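Residue numbering for the sequence shown follows this note's numbering, beginning at -9 and increasing consecutively.
We put the beta carbon where it would ideally sit given N, CA and C, even for glycine.
Please read these numbers as outputs of a predicted model, since none were measured by experiment.
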Amino acid sequence: MSAQLNSPEETGFIVDCTARIVAAYVGSNRIQGSELPAIIDDVHRSLAGLSARPAEPVEAAPLVPAVPVKKSVHPEHLICLEDGQKFQSLRRHLRVKYNLTPEQYRAKWGLPVDYPMTAPNYSMRRSELARTIGLGRPKG
């Protein structure tokens, strides 16, 4: 008994996928010509069965930070809640490793909008350096 399909587009998609899968299999394996119809039928039934089966809801695992939020900010470094690594600045790490912006990171972990992305002492040193070289003053 074959599964009832919802639309002609879905039927066409399943036929196309079946053809691609069988072509890849036949291209890599030696089979008898008499086996081909059975292989096509098996692949088609498997794909049709996947589309006919309703998706089961998946429960999202509760987020557990690598360290408690209160212990993630230190004067010399911040600890990433994703992996527990220490950084002076989290912005690049979050973008490169997790493809997260600071706003997404804060929202994901329920952090306040003023949660720092750079360690306090690092920010202070950078600010002092900027003042020393004259940044932020009008030219004159």
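Item, Value
"Where S113 sits in the DSSP three-state scheme", "helix"
"Selection from R82, K61, V86 that minimises the alpha carbon distance to G74", "K61"
"Helix, strand or coil at I123 [DSSP, three-state]", "coil"
"Meets three-Cβ-pair contact criterion under 8 Å: the region 8 to 17 and the region 28 to 40", "yes"
"Entirely enclosed alpha helix (DSSP H) segments - the region 73 to 115, minimum 4 residues", "81 to 88, 92 to 99"
"The region 47 to 56 touching the region 64 to 73, judged by at least three CB pairs closer than 8 Å", "yes"
"Collapsed DSSP secondary structure at L68 in the structure displayed", "strand"
"First and last residue of the uninterrupted alpha helix (DSSP H) at S24", "Note, S24: premise wrong, no alpha helix (DSSP H); not H, not E."
"Test item: CB-CB of M107 and L90 under 8 Å", "no"
"8 Å Cβ shell around P128 - same chain, five flanking residues per side excluded", "none"
"Integer Cβ distance of P65 from P102, believed to fall under 8 Å", "19 Å between Cβ atoms; not a contact."
"Nearest residue (CA-CA) to L40, options E0, R115, E93, L125", "E0"
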